[in-house]
Amino acid sequence: MGQARELMNRVTEAVVAGDLDVLREVYDKDVVVTTPDAGTLHGIEAFIGWNRSFVDSFSERDYHSERGLETGECAIDQGEFIGTHTGPMELPDGSSLPPTGKRIRMRSVDIATVSDGKIVRHDFYFDQADLAAQLGVAPTA
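Just so it is clear: in the sequence shown, position 59 is 59 by the UniProt record's numbering, and no numbers are missing.
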C-alpha cells in the first residue's frame with residue numbers, strides 16, 4: 001500500500017468515526033478541495049468546517065468501498081456513504097434542513113492527490129439531487 005492509499009484510508013476512517021482532528025494530520029494546511037455543494041474550499045480549516053457540517057448532520061455513519069485505486073500520488077475511492085439524518089443540515093443557500101430521521105445511501109467518488117506526505121488536493125463527486133430526494137426535499141417539476 002502506497003502513501004496516497006494509506007492517507008485516503010485514514011481520511012475515510014476519521015470521517016466515519018467523526019474524528020475530524022485527524023484531518024489536520026493528513027492534509028496540507030493549504031489544501032484545495034472541490035465539492036458539488038460548496039464549490040472550491042481553500043485551506044484545512046474550511047475543509048474541516050465542511051466535514052463538520054456533514055458529520056454533525058448524519059449519525060450511524062458508515063462507508064462501503066466498491067473500488068479503491070492508487071496510481072502514483074493519487075488515491076481514488078468509489079463507494080457509498082451511509083448515514084441517518086439526525087442533525088440540522090446546512091444547505092448551499094445558507095438555510096438549514098431540520099433532521100428528517102431518514103437513512104441515506106450516497107454514492108460517491110473521491111480523488112486525493114498527495115505531495116510531501118500530505119493530501120494537497122481532494123475532489124469529491126456525489127449526486128446532490130439524489131441526496132435531496134432521499135431526504136425528501138427534492139425540488140418538484
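Yeah, the Cβ is synthetic: ideal placement off N, Cα and C, and Gly gets one too.
Where residue i falls, given that 16 or more other Cβ within 10 Å makes a residue buried
i      : result
His85  : buried
His42  : exposed
His122 : buried
Tyr27  : buried
Met89  : buried
For residue i, the first and last residue of its enclosing alpha helix (DSSP H)
i           : result
residue 191 : Given that the chain is displayed from residue 1 to residue 141, the structure contains no residue 191 and the question cannot be resolved.
As assigned by DSSP and simplified to three states, the class of residue i
i      : result
Glu73  : coil
Leu97  : strand
Leu23  : helix
Ala133 : helix
Met1   : coil
Boundaries of the beta strand (DSSP E) in which residue i is found, first to last residue
i      : result
Ala30  : The amino acid occupying residue 30 in the given sequence is Asp; Ala does not appear at that position. 27-35 is the span of the beta strand (DSSP E), which, as asked, contains Asp30.
Ala112 : 103-115
Asp123 : 118-126
6 Å Cβ shell around residue i - same chain, five flanking residues per side excluded
i     : result
His64 : Gly79, Glu80
Cβ neighbours of residue i in the same chain (closer than 7 Å, five flanking residues each side left out)
i     : result
Val22 : Arg10, Ala14
- Message: Contact between the segment 3-11 and the segment 82-96 is defined here as three or more beta-carbon pairs at a separation below 8 Å; is this criterion met?
- Response: no
- So, do the segment 66-83 and the segment 23-37 have three or more beta carbon pairs nearer to each other than 8 Å? no
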